[in-house]
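Engineer:
2 protein chains.
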Amino acid sequence: MAYPKLPSRTENFSEWYNQVVLRAELADYAPVRGCMVVRPYGWALWENIQQALDRRFKATGHQNAAFPLLIPLSFFEREKEHVEGFSPELAIVTHGGGKKLEEPLAIRPTSETIIGYMWSKWIRSYRDLPQLLNQWGNVVRWELRTKLFLRTLEFYWQEGHTAHATREEAEEETMRMLRIYEDFAVNEAAIPVIPGRKSESEKFAGAVTTYTIEAMMGDTKALQAGTSHFLGQNFAKAFDITFLDRDNQLKHVWTTSWGLSTRFIGAIIMVHGDDQGLVLPPRLAPIQLVIVPIWRNDEQRSQVMEAAQKVQALLQPTYRVHLDDRDHVTPGFKFNDWELRGVPVRVEIGPRDVAQGAVTLARRDIPGKPGKQTVALEALPQVVGPLLDEIHANMLRKATEFRDAHIYEPETYDEFREVIGRGWAYVWWCGSPECEARIKEETKATNRVIPLDQPGGEGRCIYCGAPAKVKAIFAKAY
Amino acid sequence: MAYPKLPSRTENFSEWYNQVVLRAELADYAPVRGCMVVRPYGWALWENIQQALDRRFKATGHQNAAFPLLIPLSFFEREKEHVEGFSPELAIVTHGGGKKLEEPLAIRPTSETIIGYMWSKWIRSYRDLPQLLNQWGNVVRWELRTKLFLRTLEFYWQEGHTAHATREEAEEETMRMLRIYEDFAVNEAAIPVIPGRKSESEKFAGAVTTYTIEAMMGDTKALQAGTSHFLGQNFAKAFDITFLDRDNQLKHVWTTSWGLSTRFIGAIIMVHGDDQGLVLPPRLAPIQLVIVPIWRNDEQRSQVMEAAQKVQALLQPTYRVHLDDRDHVTPGFKFNDWELRGVPVRVEIGPRDVAQGAVTLARRDIPGKPGKQTVALEALPQVVGPLLDEIHANMLRKATEFRDAHIYEPETYDEFREVIGRGWAYVWWCGSPECEARIKEETKATNRVIPLDQPGGEGRCIYCGAPAKVKAIFAKAY
Chain H
0 MAYPKLPSRT ENFSEWYNQV VLRAELADYA PVRGCMVVRP YGWALWENIQ QALDRRFKAT
60 GHQNAAFPLL IPLSFFEREK EHVEGFSPEL AIVTHGGGKK LEEPLAIRPT SETIIGYMWS
120 KWIRSYRDLP QLLNQWGNVV RWELRTKLFL RTLEFYWQEG HTAHATREEA EEETMRMLRI
180 YEDFAVNEAA IPVIPGRKSE SEKFAGAVTT YTIEAMMGDT KALQAGTSHF LGQNFAKAFD
240 ITFLDRDNQL KHVWTTSWGL STRFIGAIIM VHGDDQGLVL PPRLAPIQLV IVPIWRNDEQ
300 RSQVMEAAQK VQALLQPTYR VHLDDRDHVT PGFKFNDWEL RGVPVRVEIG PRDVAQGAVT
360 LARRDIPGKP GKQTVALEAL PQVVGPLLDE IHANMLRKAT EFRDAHIYEP ETYDEFREVI
420 GRGWAYVWWC GSPECEARIK EETKATNRVI PLDQPGGEGR CIYCGAPAKV KAIFAKAY
Chain B
0 MAYPKLPSRT ENFSEWYNQV VLRAELADYA PVRGCMVVRP YGWALWENIQ QALDRRFKAT
60 GHQNAAFPLL IPLSFFEREK EHVEGFSPEL AIVTHGGGKK LEEPLAIRPT SETIIGYMWS
120 KWIRSYRDLP QLLNQWGNVV RWELRTKLFL RTLEFYWQEG HTAHATREEA EEETMRMLRI
180 YEDFAVNEAA IPVIPGRKSE SEKFAGAVTT YTIEAMMGDT KALQAGTSHF LGQNFAKAFD
240 ITFLDRDNQL KHVWTTSWGL STRFIGAIIM VHGDDQGLVL PPRLAPIQLV IVPIWRNDEQ
300 RSQVMEAAQK VQALLQPTYR VHLDDRDHVT PGFKFNDWEL RGVPVRVEIG PRDVAQGAVT
360 LARRDIPGKP GKQTVALEAL PQVVGPLLDE IHANMLRKAT EFRDAHIYEP ETYDEFREVI
420 GRGWAYVWWC GSPECEARIK EETKATNRVI PLDQPGGEGR CIYCGAPAKV KAIFAKAY
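The structure is reproduced here in structure tokens:
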């Protein structure tokens, strides 16, 4: 049985992506347009993402809670920019229990409004602050163009919401969470990201400032992989969230919100994947090592399977291991199958390995012979940990090199137009929304991020030539 | 500052319950009728429930997945009993993205239909079976009378869904999951339950057989704490889920589903709580030990706080510990506060304890002096584990004794009427739905469970006097 090939990434990146998601059984299309089913392999990846983030949130004092799915429509109208940003995307419940509702309800597209409402009840004094909340859940936004994981009507995410007594504290929180996303992306997902600020045109509806971690996909498009918003007192004023401060004055709180969604799975696929399929970062991979036993006859089978089970028992307590004991497919089929699914390390055990008391390890990140090594059984537990770390480091290095090789610094708008389409343009920008709008219209590139890390000095805006104090990254984006 | 008292359980159980939920900050009312906000303390309890169950599901080969929130309305019409059971409770989305939808969508009340639809795409051969799936998520049912945790429009749960090649396998799975719920209730929540079958009138809409674990609350009402359904081929036929078996015949699969929800938190509150508030089972309690430092002056304060932090550091790696270092409330207030919140063990540290190198442990399950002991600091880590186990065992014993003391075996219908209202009636029942319906009409008691464990032999139906082969439990219920 020949293993069906994927479309190549260079020929058709979009179709390669869809096929990888479907064939690796990460997700499938649901019967409702634009909705997805996250299948067990995809959900196990999301659970590992959840754990890696949740650990970080709790270590910084946040607590999880659950706010309702259904929000009175009128809540959205209280914050002007928020209603403009979200109204076109709302899913509306008009009937319940066989009756028409007096007030229609929206399925939450995000929870600032409902949490703001509850805070106005809960917060009385400075002693009730800060509120450091997070919620893992589903939200719905009625998107027109959808793509599995990247943009679906319903998606899964975490949304952090915090309220503080001072502006400074809220700004610190916004930045702390941005850095946590950066740390997560780099150290768990092996994805290099550029932390920075969004322009006024690109920020979240209702935010004072939006920060993002921006990542480059394998086709050089940009993807906003996580966002952290300083909301100022916008929602505090809209929902009248006040507190009695130490100085006995009644004040509005300062709030933040920050989110990372199942879209991040799309980033993992597009940053690391190759023409054979997924390449999953070892710290998040649902299966870190897959054991593939190889035999030709029944005698070999029993020896090999015995050794395979021993290896499984050896690694199981520390690593996520799967033994592929399927009888109806060949080892070659299994190799392809687990490569498609992006398992970081394949453990091959054949009769010769058994005779030598060894196994062969094959790395997913380095295809073919250069990624293979033979390891004695007793050395295995010591070898695997460092090997997974090395794979992580190598994936991060490759992704960083690829990204850096595709960030250009065009000096003229002509050069700018030329580099957009094969990478990012890192350019001086005067700060005007008009220049951004024109660039978008003429090149489809948007202002992705104003990196926190700035060169300093001054230049001339890539579009209008006016004096410019910041450099920004423009790119086509998901 | 006097600590406000709760209503007593004997005077007004319902109001006691509401006050406990609100004041212990487990949950609050949402702005939409019948919806709730689960606050951090309540959600932490739910997370511990989730972990205890998820561990058991994964150990028995189940995988988590996520199916969409929105289901085409027409899906419900495919299974006759299912549509009758759920139609009156659906929340309907009619508009999305500012437009009227061609087909209205229901917010899932449960996911048999959408999972059935996906299985009909995924399952081809016996090699694709069994499918052992579980989903953690939210569902919406438009209930008329609601109560925090016990019955809310939106609630949180897990719903397991499995598909099998044979009837026997599906029946085994149904029973396996029922036993897992029983094990969880007894060994994690210290709640004794009676596993058994639901009558035809009380079963899940679409099931062939529904099994339940039934628990007695502190007011002697019954609560269905978890259910496991054998669905036969009902959904397989409605959604045409077929597979090619080993014998080359195309067959319909056999399915099961099983669920446990945030309602279980209501059971924990009502089974264990007392007039001081919550009494949380130690294995699920968000905080297992709370350290309360006691001092009168600044000199004492620094000594006591140092000791308190040492104790915290000592216990933190193994237990969920909280140090209550609030300065603006008295130790007495804190005692009341943590009793209300049901923390299993209070660790008191005063100047005398510091001088002795000891702490005082106070048990929540045994109020006052009999529940107190002084323990030397160095012995603490050895004492706490067994103490928490003893608290668990004591809570389970107390709940079992209370329940057993309130299960009656009336011999006549007059006796039956008399015992209903102060407990459960364990009686012979002829099996006819008519007798059940009459009993319900006349006494408000429903057939809660036909226990798996039957006495054998024969008796006479408590209502009609006809020969009866099974004994069932009738009770008023939540």
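Protein chains in written order, with numbering that gives the first Met the number 0: chain H, 0 to 477; chain B, 0 to 477.
Think of the CB as a built atom: it goes at the ideal place given N, C-alpha and C, for glycine as much as any other residue.
The structure displayed is predicted, hence computed values, not measured ones.
(1) At a CB-CB cut-off below 7 Å, which residues of chain H make contact with residue 336 of chain B?
(2) Check this for me: beta carbons of residue 290 of chain B and residue 320 of chain B, under 8 Å apart or not?
(3) If you count every other CB in all the chains shown that lies within 10 Å of the CB of residue 433 of chain B, and 16 or more means buried, which is it?
(4) Rounded to a whole number of angstroms, what is the C-alpha to C-alpha distance between residue 57 of chain B and residue 123 of chain H?
(5) Looking only at its chain, what residues have a beta carbon closer than 7 Å to the beta carbon of residue 406 of chain B, apart from the 5 residues adjacent to it on each side?
(6) Please find out if some non-hydrogen atom of the ligand ZN comes closer than 7 Å to the beta-carbon of residue 470 of chain H.
(7) Using the DSSP secondary-structure output, state which residues sit across from residue 426 of chain H in a beta bridge.
(8) Taking all protein chains shown into account, decide if residue 446 of chain H is buried (16 or more other Cβ within 10 angstroms of its Cβ) or exposed.
(9) Can you tell me the Cα-Cα spacing of residue 360 of chain B and residue 276 of chain B, whole angstroms?
(10) Closest Cβ-Cβ distance between residue 315 of chain B and chain H: below 8 Å?
(11) Using 8 Å as the threshold, is the C-beta distance between residue 160 of chain B and residue 110 of chain B below it?
(12) Answer with yes or no whether the minimum CB distance from residue 274 of chain H to chain B is below 8 Å.
(13) Measuring only the C-alpha atoms, how far is residue 81 of chain H from residue 105 of chain H?
(14) In terms of DSSP beta bridges, what is residue 458 of chain H paired with?
(15) Taking one C-beta from the stretch 90-108 of chain H and one from the stretch 52-70 of chain H each time, how about it: are there three or more such pairs within less than 8 Å?
(16) What residue range is occupied by the uninterrupted beta strand (DSSP E) comprising residue 480 of chain B?
(17) Can the beta-carbon of residue 259 of chain B be found closer than 8 Å to that of residue 477 of chain B?
(18) What is the residue span of the beta strand (DSSP E) that residue 350 of chain B lies within?
(19) Which of the three DSSP states is assigned to residue 314 of chain H in this structure?
(20) Kindly list, in the order they appear in chain H, the residues whose Cβ is closer than 7 Å to that of residue 90 of chain B.
(21) For the alpha helix (DSSP H) containing residue 190 of chain B, list its first residue and its last residue.
(22) Please list the partners that residue 27 of chain H has in chain B, where partner means a Cβ-to-Cβ separation under 9 Å.
(23) Using beta-carbon positions only, say whether residue 23 of chain H and residue 2 of chain H come within less than 8 Å of one another.
(24) What would DSSP say about residue 402 of chain B, mapped onto helix, strand or coil?
(25) How about the stretch 171-190 of chain B and the stretch 224-233 of chain B: do they share at least three Cβ pairs that are nearer than 8 Å?
(26) Return yes when the Cβ of residue 153 of chain B is within less than 8 Å of the Cβ of residue 139 of chain B, no when it is not.
(27) Any beta-carbon of chain H closer than 8 Å to the one on residue 137 of chain B?
(28) Would you check if there are 3 or more beta carbon pairs closer than 8 Å linking the stretch 192-211 of chain B to the stretch 142-149 of chain B?
(29) Identify every residue that forms a DSSP beta bridge with residue 372 of chain B.
(30) Does DSSP put residue 222 of chain H in a helix, in a strand, or in coil?
(31) With a CB to CB cut of under 7 Å and the five nearest residues on each side skipped, what residues in its chain are close to residue 462 of chain H?
(32) Kindly list the residues whose CB is nearer than 7 Å to the CB of residue 285 of chain H, restricted to its own chain and excluding five residues on each side of it in sequence; keep chain order.
(33) Return yes when the Cβ of residue 470 of chain B is within less than 8 Å of the Cβ of residue 419 of chain B, no when it is not.
(34) Express the C-alpha separation of residue 288 of chain H and residue 330 of chain H in angstroms, rounding to a whole number.
(35) Can you pull the DSSP bridge partners for residue 322 of chain H?
(36) Report yes if the CB atom of residue 191 of chain B is closer than 8 Å to the CB atom of residue 9 of chain B, and no otherwise.
Structural biologist: Looking at the atomic coordinates:
(1) Identification of chain H residues near residue 336 of chain B by a Cβ-Cβ cut-off of 7 Å yields none; the smallest Cβ-Cβ distance measures about 14 Å.
(2) Taking 8 Å as the Cβ cut-off, residue 290 of chain B and residue 320 of chain B qualify as a contacting pair.
(3) Burial call: exposed.
(4) The alpha-carbon atoms of residue 57 of chain B and residue 123 of chain H are separated by roughly 43 Å.
(5) Within the same chain, residue 406 of chain B has close Cβ partners 422, 423, 425.
(6) The ligand ZN is not among the ligands present in this structure, which contains no ligands whatsoever.
(7) Answer is H/471, bridged to residue 426 of chain H.
(8) By the 10 Å Cβ count, residue 446 of chain H comes out buried.
(9) Rounded to the nearest whole angstrom, the C-alpha separation of residue 360 of chain B and residue 276 of chain B is 19 Å.
(10) Not an interface residue.
(11) Less than 8 Å divides the Cβ of residue 160 of chain B from the Cβ of residue 110 of chain B.
(12) Contact of residue 274 of chain H with chain B is not assigned, every C-beta pair being separated by 8 Å or more.
(13) Across the structure, residue 81 of chain H and residue 105 of chain H are spaced so that their CA atoms are roughly 14 Å apart.
(14) Within the DSSP bridge table, the entry for residue 458 of chain H names H/467 as partners.
(15) With the rule of 3 Cβ pairs closer than 8 Å, the stretch 90-108 of chain H counts as touching the stretch 52-70 of chain H.
(16) Residue 480 of chain B lies beyond the stretch modelled for chain B, which goes from 0 to 477, so this question has no answer here.
(17) No, they are not a contact pair.
(18) For residue 350 of chain B, no beta strand (DSSP E) run applies; the uninterrupted alpha helix (DSSP H) run containing it begins and ends at 350-355, by DSSP.
(19) DSSP, reduced to helix, strand and coil, places residue 314 of chain H within a helical segment of the structure shown.
(20) Here the neighbours are 92, 95.
(21) Taken as a continuous stretch (DSSP letters only), residue 190 of chain B belongs to no alpha helix (DSSP H), as it is neither H nor E.
(22) Those within 9 Å of residue 27 of chain H in chain B are 117, 120, 121.
(23) The Cβ atoms of residue 23 of chain H and residue 2 of chain H lie no closer than 8 Å to each other.
(24) Three-state result, residue 402 of chain B: helix.
(25) Taking a cut-off of 8 Å for Cβ pairs, the stretch 171-190 of chain B and the stretch 224-233 of chain B touch, as three or more such pairs fall below it.
(26) Inclusion of residue 139 of chain B and residue 153 of chain B in the CB contact set at 8 Å is warranted, their separation being smaller than that value.
(27) Interface residue, yes.
(28) By the Cβ criterion, the stretch 192-211 of chain B is not in contact with the stretch 142-149 of chain B, since fewer than three pairs of Cβ atoms, one from each stretch, lie closer than 8 Å.
(29) When DSSP reads this structure, residue 372 of chain B sits in a beta bridge with B/360.
(30) Here residue 222 of chain H sits in strand by DSSP.
(31) Only 412, 434, 437, 438 meet the Cβ criterion.
(32) Counting only Cβ-Cβ distances below 7 Å, and skipping sequence neighbours, we find 40, 43, 44, 47, 319.
(33) With contacts defined by Cβ atoms closer than 8 Å, residue 419 of chain B and residue 470 of chain B do not form a contacting pair.
(34) So the alpha carbons of these two residues sit roughly 15 Å apart.
(35) Paired residues: H/290.
(36) No.
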